[in-house]
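The numbering of the sequence shown is the UniProt record's numbering, which starts it at 1 and goes up by one.
Built from N, CA and C at the ideal position, the CB exists for glycine as well.
Let me begin by presenting the structure, written as structure tokens, before commenting on it.
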Amino acid sequence: PKPSKAESPTPPQRRSSTSSGCSTGSSGGQSPASRHGSTSSKCSTDHGHGPRHGRSSQRVVVDEAGEVLATVSLNPRAWQGTRLSKQAELYSRWRPLSVTVHLQSTCAATSAGAIAVYWTPDPDDHMSKAGPVNIQKALSHPTSRLFQVWQTGSLQIPTNVTQRWLFLEGTESEDMEHGTFRVVCAAPYSGTGSVSVLISVAYRYILEGADVKDTGGSEPGEAIQARYPDLFTTSVSDFFSGAKLVMKYKSGGEAAGFPHADPAAFYKIDPAASIEYYDKEEKLQKCEYFVVVVDYTNSDGDRVLAPVVSEAYAKAYLKKPDKGYLIDYTKAGPWSVPDQPYFNPVTESLTLELRAPRRTNANKALSDQMGRLVLDREPLGGSFVELPELPNI
């Protein structure tokens, strides 16, 4: 996620420093992978020039204490260029089991200056441009520490084993980030030259939910699935201004994508699955039929499905895609069962009447002539046999 304009930090460079291991378990018919290891980033400050960090070595002038030196994302996909990021590309959701941040300085013990580090469970935590209020805010969090610029130390970030799953990519930080970790300048460096502080993160994550990118389409008539699990019925703001129901896969995000959806067909949910919605009286109703929304895709370029009340409405939408055939939004429905159900295509059957071509007189005469044809006897192996007449085809 992009930092706020008020902070304007450059993301620190991330490099994989140790190999990661893997242990497997089972959940929902899939094998989640547990990744553990450590990655590191470096934050350096120059006297009179402020911090310098990141691959571009961008300089930010620090005139007073309270300047934000770094904001580090704990989302595995944010650690670009590391093995963890590559592994995370194969999955759709994650959950932290343990996270520890280590800070190691390169300056002498006689150097003056201080940094404040903190973590907050709020992924949308913001700070002002600079000033003492930032230091007070940073150190007011329970998970925070104040380090002299020459000190080495660690910060244990709280995790909860029963924590909900987080998505590895999306548009809402609250669905992707495990809080916010930030480094703030508590006292400017008073020496000459530059000071580097190595920030290492020792982690143990669980990655789950295969996220294999589709490279082609499905065959006509095949059942389809959403790209991501955890479906439910609700609305999205850019789809008829949130007035109509559509299938989604997370709160506050975009509509669920169906890469193989065929706009020339409507779909019926698998008999073993269940999707429900709230009607105008806020009573739960079952969704059975779904249509492919015309002229609308999500940010992945996938088509989306919208529920309709009956098969007749689905057929009518195919002939004339009018929003009047879609269901009005009342409130978000419950999760689907299972979390990634199948949708079977429904196409109207066509009755074809096949008739044999009428037999002409010329064809009948030729057939009669061939039927009367008798082959002459020919010697076969020293004996004579009579071949039968040619079949009348």
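- Excluding residues up to 5 positions away in sequence, Arg227, Gly257, Phe258, Pro259 lie with their Cβ nearer than 7 Å to the Cβ of aspartate 302 in the same chain.
- Annotation: glutamate 276 is outside any alpha helix (DSSP H); the continuous beta strand (DSSP E) that includes it extends over 276-278.
- About 6 Å separates the CB atoms of proline 345 and aspartate 262; that is less than 8 Å, so the two are in contact.
- Around the beta carbon of aspartate 122, fewer than 16 other beta carbons sit within 10 angstroms, so the residue counts as exposed.
- The three-state secondary structure of aspartate 295, taken from DSSP, is strand.
- Cβ neighbours of threonine 159 within its own chain (closer than 7 Å, five residues either side excluded): Pro96, Leu97, Ser98, Val99.
- For serine 105, the pairing in a beta bridge is given by DSSP as Val197.
- Checking the DSSP bridge columns, you'll see isoleucine 157 partnered with Val99.
- The segment 107-123 makes contact with the segment 177-186: 3 or more CB pairs, one atom from each, lie closer than 8 Å.
- Under the Cβ criterion (8 Å, minimum of three pairs), the segment 143-159 counts as touching the segment 99-115.
- Between the segment 233-245 and the segment 274-289 there are three or more inter-stretch CB-CB distances shorter than 8 Å, so the stretches are counted as touching.
- The C-beta of proline 334 has fewer than 16 other C-beta atoms within 10 Å across all chains shown, which makes the residue exposed.
- Contact annotation: the segment 182-199 does not touch the segment 85-95, with fewer than three C-beta pairs closer than 8 Å.
- In the three-state reduction of the DSSP assignment, aspartate 262 falls in the coil class, being assigned neither a helical nor a strand state.
- If you look at leucine 84, you'll find it in the alpha helix (DSSP H) that goes 83-88.
- Glutamine 340 counts as buried, since at least 16 other C-beta atoms from the protein chains shown sit within 10 angstroms of its C-beta.
- Shown here, asparagine 344 sits in a strand according to DSSP, grouped into three states.
- As far as DSSP is concerned, methionine 127 takes part in no beta bridge.
- If you look at tyrosine 329, you'll find it isn't in any alpha helix (DSSP H); DSSP assigns it neither H nor E.
- Contact check for glycine 253 against threonine 171 passes: the beta carbons are separated by less than 7 Å.
- Annotation for leucine 139: no beta strand (DSSP E) segment contains it, though the alpha helix (DSSP H) segment containing it runs 132-139.
- Per DSSP, alanine 316 is one residue of the alpha helix (DSSP H) stretching across 311-319.
- Setting aside the 5 residues that flank it on each side, valine 117 is surrounded in the same chain by Arg145, Leu155, Val183, each with a C-beta closer than 6 Å to its C-beta; the list follows chain order.
- Residue pairing by DSSP puts serine 144 in a beta bridge opposite Tyr118.
- Out of Glu64, Glu222, Pro307, Met247, the CA that lies nearest to the CA of alanine 186 is found in Glu64.
- Straight across, the Cα-Cα distance linking alanine 223 with proline 142 is about 50 Å.
- Distance check between proline 188 and each of Ile157, Lys323, Ile115 places Ile115 closest, using alpha-carbon atoms only.
- Where threonine 71 is concerned, the enclosing beta strand (DSSP E) starts and stops at 68-72.
- Within the model, the alpha-carbon separation for serine 237 versus alanine 138 is close to 35 Å.
- Between the C-alpha atoms of glycine 324 and leucine 90 there is a straight-line separation of about 39 Å.
- Between phenylalanine 167 and arginine 93, the C-beta gap is smaller than 7 Å, which places the two residues in contact.
- Of all alpha-carbon atoms in Val309, Gln148, Ser299, the one lying nearest the alpha-carbon of serine 190 is that of Gln148.
- Put simply, of Gly131, Lys315, Lys129, Val201 the residue whose alpha carbon is nearest the alpha carbon of threonine 82 is Val201.
- For valine 309, same chain residues with a beta-carbon under 7 Å away, outside a window of 5 residues either side, are Ile327 in chain order.
- For leucine 305, the enclosing beta strand (DSSP E) covers residues 303-308.
- The Cβ-Cβ distance between asparagine 298 and alanine 243 does not fall below 7 Å.
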